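Residue numbering for the sequence shown is 5 to 216, as defined by the working numbering.
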Amino acid sequence: MRIRLLGRVYVIPKLVWFGLIVIVLVSVAAVGRYWMQTSKKQKAALLPTFSMSPAPTTIAPEKPSHTPAPDPSCAVYLTGEVVNPGVYWVEQGTILSQVVTLAGGLTPLACAREVNLALRVEDGMHVHVPKEGENGGVLSSGGTASPTPGKVNLNTADKDALMTLPGIGESTALDIIQYRTQQGGFKAIEDLMQVPGIKQARFDKIKEWITV
């Protein structure tokens, strides 16, 4: 086969010409196949995808294993001959002996006959458990002071006994003891007003409970 190119004539054998045709056809087929595969991938990428989500699981609330106990609403202040003096929160109407048990029980020095352990406590009650020869009992109930049998001797009472007086805390009780030590004791209950922090109004609240 002859081909004219740039003014010159070239003779191409039939075998070479046939080979060129085969190469062109194979190339066209390969290109067409590649194009079809690429087109399918692009269409597949455009299709929406769906995922199966598990159905929501409803968890039943746990049932309480026991019924909550009622909140304590009564504050009782224990002082004196109990193992752990302090304020205890109990239910209104609790027996005093139960509160004493919460406080660790009575000490060996306690004089239990001076206290009514069968008494039902009230909110704000102050109970002093005395030792032998000391006054004790309910010092206040419901926030209102009430006299107790006997009186606290300012010259012989220890810190705990002095703290049974209304409005007398640990610091003031120690001041009273320090005053009587320095002054050789109280000559009259009115001398109590010489102790720092005790004025007329405070003295009036406790004068019926003290003696010298």
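Where is the CB? At the ideal position from N, CA and C, for every residue including glycine.
The structure displayed is predicted, hence computed values, not measured ones.
For residue 94, there is no enclosing alpha helix (DSSP H); the enclosing beta strand (DSSP E) covers residues 90 to 94.
Going by DSSP, residue 205 is part of the alpha helix (DSSP H) stretching over 204 to 210. Taking the CA atoms as reference points, residue 211 sits about 22 Å from residue 82. Bounds of the alpha helix (DSSP H) holding residue 103 are 100 to 106. Just measuring C-alpha positions, the residue of 199, 204, 156 sitting nearest residue 180 is 199. By the 16-neighbour rule on beta-carbons within 10 angstroms, residue 100 is buried. Straight-line spacing of the CA atoms in residue 85 and residue 124 works out to 19 Å. The DSSP-derived three-state label of residue 196 is helix.
Residue 78 sits close to residue 126, with the two beta carbons spaced by under 9 Å.
For residue 133 and residue 111, the gap between their C-alpha atoms comes out near 10 Å. Residue environment analysis places residue 39 among the exposed positions, since fewer than 16 neighbouring C-beta atoms fall within 10 angstroms of its C-beta. Exclusion of the five residues before and after residue 183 leaves 199 as the residues of its chain whose Cβ lies within less than 6 Å of its Cβ.
The Cβ neighbour count for residue 208, taken over all protein chains shown within 10 Å, is under 16; the residue is labelled exposed. Within the same chain, and ignoring the five residues on either side of residue 189 in sequence, the residues whose Cβ sits closer than 7 Å to its Cβ are 159. In the same chain as residue 113, and ignoring 5 residues on each side of it, the C-beta atoms closer than 6 Å to its own belong to 85, 135, in chain order.
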